Amino acid sequence: MDEPAYLVAKNLCAGTLDVCFRWDGTIEEAVEHLTEAGIIIVEGPVLRWAADGVWGQSVYFRDPDGNLLEFLSTDPPCEALFLP
Numbered sequence: 001m002d003e004p005a006y007l008v009a010k011n012l013c014a015g016t017l018d019v020c021f022r023w024d025g026t027i028e029e030a031v032e033h034l035t036e037a038g039i040i041i042v043e044g045p046v047l048r049w050a051a052d053g054v055w056g057q058s059v060y061f062r063d064p065d066g067n068l069l070e071f072l073s074t075d076p077p078c079e080a081l082f083l084p
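Numbering (UniProt numbering), first residue to last: 1 to 84.
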């Protein structure tokens, strides 16, 4: 599945989709932190599969240079959303 055009780096080249940081709190706390800092959220919160195989929730935003950044939270664990 291709990511929407707004979820790619400003200057595309290999390895520049985004930089992901694991957020230790809840995704709501991440959103509050970004909002209080005046940072515009580009996408999210959305469910995402983390590189370590755990489901989490992410928010995407850009730094002043236009690089796409991501905060990923696994608090609370999201696997329960997929259980029958």
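Where a beta carbon is used, it is the ideal one built from N, C-alpha and C, also for glycine. Every value quoted in this text rests on a predicted model; they were computed, and no experiment measured them.
> When the Cα atoms are used, what is the spatial distance from I41 to A30?
Replying inline: 10 Å
> What residues are listed by DSSP as bridge partners for L47?
Replying inline: Partner(s): Q57.
>> Check for me: the beta strand (DSSP E) holding L68 runs from which residue to which?
In response: L68 -> beta strand (DSSP E) spans L68 to D75.
> In terms of residues, what are the limits of the alpha helix (DSSP H) holding L34?
Replying inline: L34 -> alpha helix (DSSP H) spans I27 to E36.
> Going by C-alpha distance, which of N67, D75, T74 and P77 is nearest V19?
Replying inline: N67
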